[in-house]
Every structure is written in C-alpha cells, then in structure tokens.
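Engineer:
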Amino acid sequence: MAVLILADHDNETLNDQTAKSVTAAKAMGGDIHILCAGSGCSGVAAQAAKLDGVAKVLCASDDAYGHDLAEPLADLIVSLAGDYEHLVGGATTTGKNVMPRVAALLDTNMISDISAVESPDTFERPIYAGNAMAVVKCGDPKKVITVRGASFDATGEGGSAAVEEIAAVANPGLSEWVEDKVISSDRPELTSAKIVISGGRGMGSKENFEIIDKVADKLGAAVGASRAAVDSGYAPNDYQVGQTGKVVAPDLYIAVGISGAIQHLAGMKDSKVIVAINKDEEAPIFQVADYGLVADLFDAVPKLEAAL
Amino acid sequence: MKVLVPVKRVIDYNVKVRVKADQSGVDLANVKMSMNPFDEISVEQAIRMKEAGQVEEIVVVSIGVTKNQETLRTALAMGADRAILVEATDNAENDIEPLAVAKILKGIVEEEQPGLVLLGKQAIDNDANATGQMLSALLGWSQATFASKVEIEGDKATVTREVDGGLQVIKVNMPAIVTVDLRLNEPRYASLPNIMKAKKKPMDTKTPADYGVDVTPRLVTVKVTEPPARQAGVIVGSVEELVDKLKNEAGVI
Ligand SMILES: Cc1cc2nc3c(=O)[nH]c(=O)nc-3n(C[C@H](O)[C@H](O)[C@H](O)COP(=O)(O)OP(=O)(O)OC[C@H]3O[C@@H](n4cnc5c(N)ncnc54)[C@H](O)[C@@H]3O)c2cc1C
Ligand SMILES: Cc1cc2nc3c(=O)[nH]c(=O)nc-3n(C[C@H](O)[C@H](O)[C@H](O)COP(=O)(O)OP(=O)(O)OC[C@H]3O[C@@H](n4cnc5c(N)ncnc54)[C@H](O)[C@@H]3O)c2cc1C
C-alpha cells in the first residue's frame with residue numbers, strides 16, 4: 002500500500018512542511034504520492050516532483066481548492082483514499098483543518114501531530130503540551146495522520162516523479178473564501194527558520210518589538226512571540242509559539258522577556274540552543290536555557306544588536 | 007437559534023503533569039481538573055450571542071465521568087441554560103477518542119437541532135485538535151476552525167480564522183460548526199449568585215448507548231513516557247560573553 006501526502010503550499014511555492022512529511026512517510030512503507038490541490042498550482046506540483054523518494058504527484062487544479070477550504074479538500078482526499086493506507090497532512094493550520102474531517106469520513110480515528118514513526122502502524126505523539134510522549138498503535142486499515150514539522154528533517158531534492166493531472170470532485174459548496182489578511186515579510190518563516198528570536202510580555206508595547214526585529218534582521222532570523230505578547234497586541238497571531246501556536250525547533254532560539262510557561266516551552270524546547278534574556282533570575286525559562294542573561298532587555302537587546 | 011457547546015473536563019492548565027511509573031498514562035489521581043480553557047471561550051461566545059439577542063438557548067454537553075457534572079455546573083453558572091452529561095466511562099483516565107465524542111455529539115445534534123455548535127479548537131490534555139472537524143464531517147455541515155471573530159447574519163456566518171500565515175476570513179452556511187481560538191474573547195468568571203442559581207438549572211444524564219455509539223478505543227496506547235529533560239545551562243555575565251559563546255562554543259551564529 003502507498004502513502005498520500007497533502008502538500009502545504011500557497012499555489013506558488015511548496016512549503017517546507019511537505020518535505021518533512023515525506024521524511025515521516027518514508028518510515029511508513031510503500032510508494033509515496035503527493036497531492037497538490039490548489040488553484041493554478043502546477044508550479045507547486047513540479048516542485049513536489051523533485052523531492053527525493055516521491056513516486057508520483059497528483060495535481061488537482063481548481064478554484065474550489067485555491068484557499069484550503071476544508072470541505073472540498075476533504076472530499077477530494079476521500080475520493081482518492083481507496084489506493085492508500087496512510088493519508089498524511091502537515092500539523093499546519095491546513096492539515097489540522099482538513100485531515101480530521103477526512104478521518105471522520107473514513108470512519109477512522111485521527112492520529113494528530115506525530116513526532117516519530119515507530120512502525121507503519123505505531124506512532125509517537127506529544128500530549129499534555131509535550132509533558133508526556135504517547136506511543137499509539139492504530140489497527141484501522143486507514144491511518145489518517147498529521148506530522149509535526151519540527152520533529153522531522155526535510156527530505157532533499159533529487160527525485161523526478163511523474164505529475165498526473167486529476168479532475169476536481171463535486172464541491173459541496175458549504176463555505177466560501179472572503180479574504181486573507183497576511184502581513185508579508187522578507188524574514189524566513191517561523192517554522193523553518195534556523196534562528197528564531199521571540200518577545201514576550203516584557204516587551205511592553207508593539208513599538209518596543211522593533212528592537213527584536215532589528216536583531217532578527219542582523220541574524221536572518223524569524224520573529225516569534227509568547228501568547229501574552231500576542232494577546233496584548235504587541236505581535237500578530239501568527240507569531241505565537243507554543244502548545245496552541247506554532248512548534249519550532251531551530252538551531253538557536255532567543256527568548257526575550259518571556260517567563261517560560263509550560264505552554265510556551267511546548268513550542269520551543271526542542272530547539273538546539275536556547276538563550277533567555279530576562280530580568281528575573283527566578284524565571285522558569287532559565288531552567289531550559291543553555292545560555293541565560295539576567296538583564297533588562299531594553300539594555301541588553303540593543304547591545305546584542307550592536308555586537309552582531 | 008439554539009447553540010450547543012461541548013465542554014471537556016481536563017487537567018488544569020497550571021498543573022505539572024506526571025507520567026505514571028508503569029507507562030500506562032498520566033497520573034490524574036488527586037489532580038486539579040478544570041474546564042478546557044478553549045471551552046470557556048466557546049461558552050463565553052454563546053453567552054455574548056444570547057446577550058445580543060441572536061440566541062435563545064445555550065445547551066452545554068460533556069462526555070466522560072460523573073464528575074463532569076462540575077464542569078457543566080461551571081458552564082451553567084457562566085450563563086448556559088441547560089446541560090447534558092453523557093456518562094461514557096467510570097474512570098477519568100479512560101479518555102474518549104475524538105471520533106467517538108463526535109459520534110455522540112452527532113446524536114445530540116440530531117435530537118436538539120441547534121443552529122450552531124461551538125467547540126474548542128483543541129483540548130489541552132490530548133491536543134488532538136480534531137473533534138469539531140469530525141463532527142462537521144459526520145453531519146455534512148460547514149466548518150470554520152480556529153475562529154477569532156464570528157458574525158452571524160441570516161443563514162451565513164462570517165468567521166475570521168487564525169491561520170499559519172495570518173488571518174483568513176471565510177463565509178459559511180448555517181447550521182455550522184465553529185471551533186474557537188484564544189483571541190475570540192476573554193471568558194467571564196461566574197458570580198456567586200449565579201453559581202447558586204446554576205444548581206437549579208436542568209441537567210440530563212445519558213449514556214453513549216442512547217446514541218448507539220460504542221466508545222471502545224480504536225487506538226491502543228502502547229506506552230506513555232516522559233520526554234527527555236533539558237539541562238539548564240550557564241548564566242553569562244554580559245552581552246559580549248553571550249555573543250562569544252554563541253559564536254565560538256555553540257557555533258550557531
Ligand atoms: C489554553 C492555553 C493555551 C496557551 N497557549 C500558549 C502558547 O501557545 N504559547 C504561549 O507562549 N503561551 C500560551 N499560553 C499562556 C501561558 O500560560 C503564559 O501565560 C504565557 O506564555 C506568558 O507569556 P510571557 O512569558 O510573555 O509573559 P509573563 O509570564 O508575564 O512573563 C514576562 C517575563 O518578562 C520578564 N520581563 C519583564 N520586563 C522585562 C525587562 N524589562 N527586561 C527583561 N525581562 C523582563 C519578566 O521577568 C517575566 O519573566 C496558554 C495558556 C492557556 C491557558
Ligand atoms: C495516553 C493517551 C494517549 C492517547 N493518544 C491518542 C491519539 O494518539 N489519538 C487519538 O485520537 N486519541 C488518543 N487518545 C484518546 C484521546 O484522549 C482522545 O483523543 C481525546 O480525549 C479527544 O481528543 P481531545 O480531547 O484532544 O479533543 P480535541 O479535538 O482537541 O477537542 C476539541 C473540542 O472538542 C470538544 N470535546 C472533546 N472531548 C469532549 C468531551 N469528552 N466532552 C465534551 N466535549 C468534548 C471540546 O469542545 C473540545 O474543546 C489518547 C488517550 C490517552 C490517555
């Protein structure tokens with residue numbers, strides 16, 4: 002049996018998550034096929050075809066699929082499901098939106114956010130904000146899975162899979178896209194950046210966040226935030242790192258003015274090197290930091306920028 | 007319109023969980039339990055819609071053990087009108103899988119005929135982030151997940167969703183399933199008089215069999231272990247020392 006991976010993309014560029022899902026799929030066994038569903042997404046299909054280990058790319062280009070709406074995408078995947086044992090999405094907002102719907106339509110359970118593949122039917126996944134790791138075995142004939150990107154390396158290029166155009170299935174017409182409110186930036190994406198610098202409530206205001214941006218620009222880093230910083234309006238929602246935000250595992254994570262609540266740690270404690278800058282030497286973030294600096298951030302962060 | 011709000015009883019978010027020595031799961035004995043924080047947000051949303059005159063009745067439902075009554079009473083004290091307890095197990099450690107929860111909720115939706123179901127985007131114990139999407143699939147309804155804004159007009163709802171790239175606005179047909187995200191609202195605390203009043207509000211007790219659902223788990227938990235612990239590192243004395251260590255010791259910049 003084979004594995005079908007739902008590609009994460011924006012109709013132009015394939016998201017790094019897809020190459021990470023391919024790495025996970027290699028441990029599941031069988032041919033790996035990628036489904037690129039979108040609107041005018043043939044360029045994405047060509048990028049997916051280059052990934053090492055991919056046997057075939059299915060490209061479904063139709064307006065119904067242009068904005069990742071869950072209902073038409075789930076129906077498309079279910080129409081293809083007969084040929085596959087594993088149906089895999091990223092643990093991104095697209096995968097989390099679509100895959101549980103697929104699972105329910107196939108009358109199987111959802112195996113969410115896996116961090117390792119132990120065998121084709123046994124998977125490891127973090128529970129309780131990563132404070133426990135559960136190994137679960139799924140006896141159902143179809144396994145519907147989302148893959149935690151931070152736990153898998155991206156598969157490289159080198160493949161040359163065939164791209165097959167497939168037709169759209171009927172759109173149930175339950176929802177329609179209105180608009181995207183996206184702030185575009187030249188910085189790397191949070192979940193694939195090598196360096197991430199995040200600010201917390203200690204930043205005090207949206208304007209003060211600029212000192213973080215300046216360090217990020219010097220380091221070529223992505224910018225993140227704690228929930229408290231997002232709730233307070235210092236940073237946009239897509240910056241949130243943590244149990245209920247994004248999970249990151251960069252080479253270097255710099256936490257500035259963040260206390261280190263378990264919900265925040267859940268999103269960054271697998272980073273290779275962690276730096277904490279906090280004026281409170283008792284802050285729990287120091288318990289996970291490789292390098293801690295007890296200092297006022299308004300003094301330390303500009304100095305850091307100057308020293309780089 | 008009637009709104010259905012499923013609420014889950016979970017380990018309190020402030021509790022540091024401990025994995026059991028026999029690796030069968032997490033120790034829930036004598037641990038503080040609370041309403042899943044996302045579900046407080048959905049209850050709040052339903053109450054605000056009622057206060058705005060868009061909703062006539064708020065029905066809350068919880069699936070689990072007898073003690074889930076406490077969670078339901080909290081929701082009633084916040085302002086829900088009526089509760090349904092589905093007693094699915096006698097041991098809080100036997101969590102009910104999202105697919106089974108979704109099947110029971112489908113049975114309740116068919117009986118109650120709500121115009122909207124508001125769920126949390128995820129439960130903070132198992133972090134599955136699945137139940138709402140599954141319920142929506144089983145009912146053939148529209149779904150709007152990770153909502154930070156919900157506006158209902160006639161037979162459509164306009165929902166702003168928190169997605170990886172920022173925000174996405176979609177319009178969905180009613181009846182709909184909406185799962186709520188953190189920024190939708192700030193839930194109220196129940197006042198003492200309302201806690202007293204909640205004791206008199208109606209609560210029905212049901213079982214999964216009433217909805218023809220088998221809750222036997224499909225997934226087998228092989229083991230539950232502690233994640234590898236991270237060692238605390240060193241405290242550096244200055245920014246210069248930090249930069250030096252990052253360059254020459256860690257080699258990450
Ligand atoms: C259901 C739920 C889900 C959640 N999900 C997430 C999540 O995904 N991500 C997340 O991050 N949180 C999440 N949280 C929130 C989490 O519990 C914490 O409240 C949050 O992480 C705290 O953010 P913080 O560290 O920025 O703020 P605080 O805890 O207030 O810490 C601020 C820190 O800044 C330091 N500071 C202040 N001023 C300065 C200064 N001038 N110089 C240096 N240091 C300074 C202080 O010493 C303090 O340690 C969630 C909570 C719940 C209930
Ligand atoms: C150690 C262990 C490991 C497990 N591993 C897995 C696994 O890998 N995959 C899996 O599918 N299951 C697993 N389970 C079962 C798992 O507990 C259920 O999946 C889980 O209870 C439901 O997922 P969730 O609570 O995270 O739901 P979510 O889908 O995250 O919950 C979203 C919303 O659904 C509603 N809701 C959910 N449950 C209830 C309820 N009981 N009553 C009322 N409303 C509710 C609430 O509104 C909630 O906010 C495991 C259980 C244990 C003990």
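Chains Y and Z are the protein sequences, given in the same order. Under our numbering, the first residue of the first sequence is numbered 2, with each subsequent residue one higher. Under our numbering, the first residue of the second sequence is numbered 7, with each subsequent residue one higher. Quick reminder that beta carbons are idealized off the backbone N, C-alpha and C, glycines included.
Beta carbon of residue 105 of chain Y, beta carbon of residue 225 of chain Z: below 7 Å?
Structural biologist: No, the pair does not count as a contact, with Cβ atoms beyond the cut-off.
Engineer: Using a strict less-than 5 Å threshold between each residue's beta carbon and the heavy atoms of ligand 1, what residues do you get?
Structural biologist: Taking each Cβ in turn, the ones that pass are Y/201, Y/202, Y/203, Y/227, Y/228, Y/229, Y/243, Y/244, Y/245, Y/246, Y/258, Y/259, Y/260, Y/262, Y/264, Y/265, Y/279, Y/280, Y/281, Y/284, Y/297, Y/298, Z/19, Z/43.
Engineer: Taking 6 Å as the limit between beta carbons, can you name the residues of its chain near residue 152 of chain Z, skipping five residues before and five after?
Structural biologist: Answer for residue 152 of chain Z: 127, 167, 168, 187, listed in chain order.
Engineer: In the DSSP assignment, find the alpha helix (DSSP H) that holds residue 264 of chain Y and state where it starts and stops.
Structural biologist: Here the alpha helix (DSSP H) through residue 264 of chain Y covers 263–266.
Engineer: Along the stretch 121–151 of chain Z, what residues have a CB closer than 9 Å to any CB found in chain Y?
Structural biologist: If the cut-off is 9 Å between Cβ atoms, the stretch 121–151 of chain Z has 127, 128, 130, 131, 132, 133, 134, 135, 136, 137, 138, 139, 140, 141, 142, 143, 144, 146, 147, 148, 149, 150, 151 near chain Y.
Engineer: Per DSSP, what kind of secondary structure is residue 219 of chain Z in: helix, strand or coil?
Structural biologist: Looking at residue 219 of chain Z - three-state DSSP - the assignment turns out to be coil, as it is neither helix nor strand.
Engineer: Quick one: what does DSSP say residue 41 of chain Z is sitting in, helix, strand or coil?
Structural biologist: Correct three-state label for residue 41 of chain Z: strand.
Engineer: Any contact of the stretch 251–259 of chain Y with the stretch 186–206 of chain Y, i.e. 3+ C-beta pairs under 8 Å?
Structural biologist: With the cut-off at 8 Å, the stretch 251–259 of chain Y and the stretch 186–206 of chain Y touch.
Engineer: Counting only the same chain and skipping the five closest in sequence on each side, list residues whose C-beta sits under 6 Å from that of residue 189 of chain Y.
Structural biologist: Hits under 6 Å: 223.
Engineer: Using a Cβ cut-off of 8 Å, pull out every chain Y residue sitting near residue 155 of chain Z, in sequence order please.
Structural biologist: Within chain Y, no residue comes near residue 155 of chain Z; the closest Cβ sits about 11 Å away, beyond 8 Å.
Engineer: Return the bridge partner residues of residue 68 of chain Z from the DSSP annotation.
Structural biologist: Its beta-bridge partners are Z/91.
Engineer: Rounded to whole angstroms, how far is the Cβ of residue 167 of chain Y from the Cβ of residue 89 of chain Y, which I believe are closer than 8 Å?
Structural biologist: At roughly 18 Å, the Cβ-Cβ gap does not stay under 8 Å, so residue 167 of chain Y and residue 89 of chain Y are not in contact.
Engineer: Which same chain residues end up closer than 8 Å to residue 98 of chain Y when comparing Cβ atoms and leaving out the 5 residues on each side of it in sequence?
Structural biologist: Once the five neighbours on either side are set aside, the close Cβ partners of residue 98 of chain Y are 69, 71.
Engineer: Using a Cβ cut-off of 9 Å, pull out every chain Z residue sitting near residue 113 of chain Y, in sequence order please.
Structural biologist: Correct list: 104, 128, 132, 133, 134, 135, 136.
Engineer: On the CB-based measure, 16 or more other CB atoms within 10 Å of its CB, does residue 130 of chain Y come out buried or exposed?
Structural biologist: Counting Cβ neighbours within 10 Å, residue 130 of chain Y comes out buried, since at least 16 surround it.
Engineer: Spell out whether any CB of chain Z is found under 7 Å from the CB atom of residue 288 of chain Y.
Structural biologist: Taking Cβ atoms only, chain Z reaches closer than 7 Å to residue 288 of chain Y, which makes this a yes.
Engineer: Under the rule that 16 or more other beta-carbon atoms within 10 Å means buried, what is residue 269 of chain Y, buried or exposed?
Structural biologist: Buried, by the Cβ-count rule.
Engineer: Any beta-carbon of chain A closer than 7 Å to the one on residue 291 of chain Y?
Structural biologist: Checking the listed chains, one finds no chain A in this structure; the protein chains it contains are Y and Z.
Engineer: What residues are listed by DSSP as bridge partners for residue 226 of chain Y?
Structural biologist: Note: residue 226 of chain Y sits in a beta bridge opposite Y/200, Y/241.
Engineer: So, helix, strand or coil for residue 29 of chain Y, using DSSP?
Structural biologist: It is coil, neither helix nor strand.
Engineer: Assign residue 245 of chain Y to buried or exposed, taking buried as 16 or more other Cβ atoms, counted over all protein chains shown, within 10 Å of its Cβ.
Structural biologist: With 16 or more Cβ atoms within 10 Å of its Cβ, residue 245 of chain Y is classed as buried.
Engineer: So if DSSP puts residue 138 of chain Y in a beta bridge, which residue, or which two residues, is it bridged to?
Structural biologist: Answer by DSSP bridge pairing, in chain order: Y/123, Z/226.
Engineer: Buried or exposed: residue 199 of chain Z, going by 16 or more other Cβ atoms within 10 Å of its Cβ?
Structural biologist: It counts as exposed.
Engineer: Rounded to whole angstroms, what is the Cα-Cα separation between residue 22 of chain Z and residue 232 of chain Z?
Structural biologist: Cα to Cα, residue 22 of chain Z sits roughly 12 Å from residue 232 of chain Z.
Engineer: Given residue 99 of chain Z, which residues of its chain have a CB within under 6 Å of its CB, disregarding the five upstream and five downstream residues?
Structural biologist: Only 31, 34 meet the Cβ criterion.
Engineer: Buried or exposed for residue 78 of chain Y, going by 16 or more other Cβ atoms inside 10 Å?
Structural biologist: The residue is buried, with at least 16 neighbouring Cβ atoms inside 10 Å.
Engineer: Which word fits residue 205 of chain Z, buried or exposed, when buried means at least 16 other C-beta atoms lie within 10 angstroms of its C-beta?
Structural biologist: With fewer than 16 other Cβ atoms within 10 Å, it is exposed.
Engineer: When you compare the CB of residue 220 of chain Z with every CB in chain Y, is at least one pair closer than 7 Å?
Structural biologist: No, residue 220 of chain Z does not count as interfacial toward chain Y.
Engineer: Could you tell me the distance, in whole angstroms, from the CA atom of residue 114 of chain Z to the CA atom of residue 74 of chain Y?
Structural biologist: If you take the alpha carbons of residue 114 of chain Z and residue 74 of chain Y, they lie about 27 Å apart.
Engineer: Per DSSP, residue 174 of chain Z is paired with what?
Structural biologist: In DSSP, residue 174 of chain Z forms a bridge with Y/181, Z/167.
Engineer: So the candidates are Y/216, Y/124, Y/217, Y/282; which of them puts its Cα closest to the Cα of residue 243 of chain Z?
Structural biologist: Of Y/216, Y/124, Y/217, Y/282, the residue nearest in Cα terms is Y/282.
Engineer: To be precise: take each residue of the stretch 73–93 of chain Z, compare its Cβ to all Cβ atoms of chain Y, and keep it if any distance is under 7 Å. Which residues remain?
Structural biologist: Answer in chain order: no residues at all.
Engineer: Check residue 255 of chain Y in the structure and name its three-state DSSP category.
Structural biologist: Looking at residue 255 of chain Y - three-state DSSP - the assignment turns out to be strand.
Engineer: For residue 295 of chain Y, which residues in chain Z fall below 8 Å Cβ to Cβ?
Structural biologist: By Cβ distance, chain Z contributes 241.
Engineer: Answer yes or no: the CB of residue 308 of chain Y versus the heavy atoms of ligand 3, is any distance below 6 Å?
Structural biologist: By its list of ligands, the structure shown excludes ligand 3, since it contains just ligand 1 and ligand 2.
Engineer: Counting only Cβ pairs nearer than 8 Å, list the residues of chain Z close to residue 134 of chain Y.
Structural biologist: Simply 230, 231, 232, 233.
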